[in-house]
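Trainee:
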Amino acid sequence: MSMNLQTPTNKTNTNGTDAATYSGAGVRTVPPLRKPWYGIGFKDASRRFWEKALVMRGRASRGEYWWAMLLCLLIEAAVVLVTQVGDMVIWHDASGNGPLSTWVVFIVELVLLVPTVTIGVRRLHDENLNGWWILLPLAFLLAFMVIGAASISDPNRIMVAGLLASLLMGVAYLASEIVLFVLPANPKGSRFDDSRSRQ
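Counted from 1, the sequence shown has number 16 at position 16 by the UniProt record's numbering; the numbering is strictly sequential.
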């Protein structure tokens with residue numbers, strides 16, 4: 001069995017935009033950056049995640065969002081692993097709280113924060129929801145971190161109650177994240193599109 005792999009050729013569509021077309025099983029059109037890409041793969045979603053890192057207008061498909069979240073998870077896991085090994089080798093600190101892992105992980109989280117929020121807002125737009133809904137899971141995440149830190153750092157408080165409250169906030173965060181970002185696309189979400197995409 002042989003596969004016929006052909007490279008894309010640039011052709012102009014009837015609307016005047018360039019799109020990559022592939023022969024074989026069918027024609028695949030790559031939508032412009034200002035449009036959501038349904039059926040996107042990991043590689044293309046990763047590239048779009050960075051290309052649209054500062055863009056809040058428009059929409060993002062489920063695939064764009066969830067592949068980007070997988071990319072962030074892989075980046076964070078790799079950074080944590082490498083920096084913790086670095087802390088053990090350089091400072092002989094096996095706790096995972098050494099200066100290298102603390103600061104590098106913090107910087108990576110800051111770098112990922114803005115593109116993660118912007119793709120979340122665009123994903124909500126694709127569901128025809130206002131981007132402000134992104135504050136719901138962020139509020140639960142913040143409560144989870146604050147309550148958890150307070151319950152561990154103060155031994156005079158009832159630690160079990162604090163940890164339980166923190167756990168409940170963590171579950172609420174995950175539930176709101178999944179419910180908000182798994183909803184299907186709604187055609188009415190086109191109202192959030194960049195004005196150039198409606199011309």
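Virtual Cβ for every residue (Gly too), placed ideally from N, Cα, C.
May I ask you to report which of helix, strand or coil DSSP gives T116?
Mentor: Helix at T116.
Trainee: Let's see if you can read the secondary structure: which residues bound the alpha helix (DSSP H) around S46?
Mentor: Where S46 is concerned, the enclosing alpha helix (DSSP H) stretches over 42 to 51.
Trainee: Within the continuous alpha helix (DSSP H) that includes A68, where are the two ends?
Mentor: 62 to 91 is the span of the alpha helix (DSSP H), which, as asked, contains A68.
Trainee: For V179, which residues in the same chain have their Cβ closer than 8 Å to its Cβ, ignoring the five residues on either side in sequence?
Mentor: Answer for V179: no residue qualifies.
Trainee: Return the CA-CA distance between H92 and T102, expressed in angstroms with no decimal places.
Mentor: Each residue's alpha carbon lies about 15 Å from the other.
Trainee: Got a sec? Which residues, its chain only, sit under 6 Å from A165 by beta carbon, not counting five neighbours each side?
Mentor: The answer, listed in chain order, is I147.
Trainee: Does the Cβ of L81 have 16 or more other Cβ atoms within 10 Å, making it buried, or fewer, making it exposed?
Mentor: That one is exposed.
Trainee: At the level of alpha carbons, what is the spacing between V182 and I75?
Mentor: V182 and I75: Cα-Cα distance of roughly 22 Å.
Trainee: Going straight from the alpha carbon of L167 to that of Y173, what length do you get?
Mentor: Those two C-alpha atoms are separated by around 10 Å.
Trainee: Between which residues of its own chain and D193 is the CB-CB distance below 6 Å, once the five residues before and five after are set aside?
Mentor: Same-chain partners within the cutoff: G58.
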